[in-house]
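A.B. asks: Next up is a structure, given as structure tokens.
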Amino acid sequence: KNEVEQSPQNLTAQEGEFITINCSYSVGISALHWLQQHPGGGIVSLFMLSSGKKKHGRLIATINIQEKHSSLHITASHPRDSAVYICAPRENGGSQGNLIFGKGTKLSVKP
Amino acid sequence: GAGVSQSPSNKVTEKGKDVELRCDPISGHTALYWYRQSLGQGLEFLIYFQGNSAPDKSGLPSDRFSAERTGGSVSTLTIQRTQQEDSAVYLCASSFDKKTQYFGPGTRLLVL
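Chains as they are written, first to last, in this note's numbering: chain A, 1 to 111; chain B, 112 to 223.
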């Protein structure tokens with residue numbers, strides 16, 4: 001059983017569209033990371049959340065601990081946002097490093 | 112400034128050989144993480160170092176895998192008697208606040 005489910009698995013959007021990527025998890029967590037993996041393989045940490053909402057530029061991440069759900073939103077999407085977005089919760093009781101990873105959502109933004 | 116670096120960037124080895132993968136974290140980052148990403152799979156946690164504390168090795172898949180971090184800086188991940196299923200991209204990340212992780216470019220390992 002996959003403890004972290006992301007949806008959709010693949011997403012194609014037109015430039016300017018509002019994007020939502022969802023992450024549901026089945027375990028109790030202390031925090032959740034959103035990562036961005038570029039086509040060349042490089043990974044960038046976007047957010048770490050333990051509650052509420054965070055915003056950075058055009059990116060917004062929200063989390064509902066009770067519902068075990070997090071969302072990543074991209075406003076005014078751009079082709080450079082094309083990447084794989086990975087949800088990575090940190091399980092309660094786990095060490096700081098022991099994240100469990102979703103399989104990722106592959107986003108392609110067309111000009 | 113310099114980010115996390117890893118070497119080699121690519122490694123091809125024969126089944127049964129030992130390999131060493133190196134990670135140079137960002138200077139001053141006390142936390143260091145190793146992950147791997149197998150082809151078509153998600154990321155998988157391997158091991159976590161924090162300062163001088165005992166590392167969290169709970170993600171290492173077998174006793175053929177080991178890692179050390181010398182002087183709280185450079186880390187080496189060693190895989191003994193490599194198997195074909197060890198083929199993956201091995202990623203290292205470091206952090207100073209245990210919140211934002213800075214990832215290296217990865218080492219692509221191919222075991223023939």
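Just so you know, even glycine gets a beta-carbon here, dropped at the ideal spot from N, CA and C.
Exposed or buried, what is H38 of chain A when buried is set at 16 or more other beta-carbons lying within 10 Å of its beta-carbon?
C.D. replies: Label assigned to H38 of chain A: exposed.
A.B. asks: How many Å lie between S186 of chain B and C87 of chain A at the Cα?
C.D. replies: S186 of chain B and C87 of chain A: Cα-Cα distance of roughly 26 Å.
A.B. asks: Do three or more CB pairs link the region 119-131 of chain B to the region 175-193 of chain B at distances below 8 Å?
C.D. replies: Result yes; three or more Cβ-Cβ pairs closer than 8 Å.
A.B. asks: With a threshold of 6 Å on Cβ separation, who are the neighbours of S7 of chain A within its own chain once the five nearest residues in sequence on each side are excluded?
C.D. replies: Excluding residues within five positions, the ones whose Cβ falls inside 6 Å are N22.
A.B. asks: So is P119 of chain B in contact with chain A if we call contact Cβ pairs under 8 Å?
C.D. replies: Not one chain A Cβ lies under 8 Å of P119 of chain B.
A.B. asks: Pairs of beta-carbons, one from the region 132-147 of chain B and one from the region 172-184 of chain B, closer than 8 Å: are there three or more?
C.D. replies: The answer is yes - the region 172-184 of chain B touches the region 132-147 of chain B, with three or more Cβ pairs under 8 Å.
A.B. asks: Taking E131 of chain B as part of the beta strand (DSSP E), name the residues at either end of that continuous run.
C.D. replies: First-last of the beta strand (DSSP E) with E131 of chain B: V130 to D135.
A.B. asks: Return the first residue and the last residue of the beta strand (DSSP E) that I19 of chain A is part of.
C.D. replies: Taken as a continuous stretch (DSSP letters only), the beta strand (DSSP E) holding I19 of chain A covers I19 to Y25.
A.B. asks: When you compare only the Cα positions, how much space is there between E91 of chain A and L99 of chain A?
C.D. replies: Computed Cα separation, rounded: 7 Å.
A.B. asks: Which residues, taken in chain order from the region 37-55 of chain A, show a beta carbon closer than 8 Å to some beta carbon of chain B?
C.D. replies: Listed by position, the residues of the region 37-55 of chain A near chain B (Cβ gap below 8 Å) are G41, G42, I43, V44, S45 and M48.
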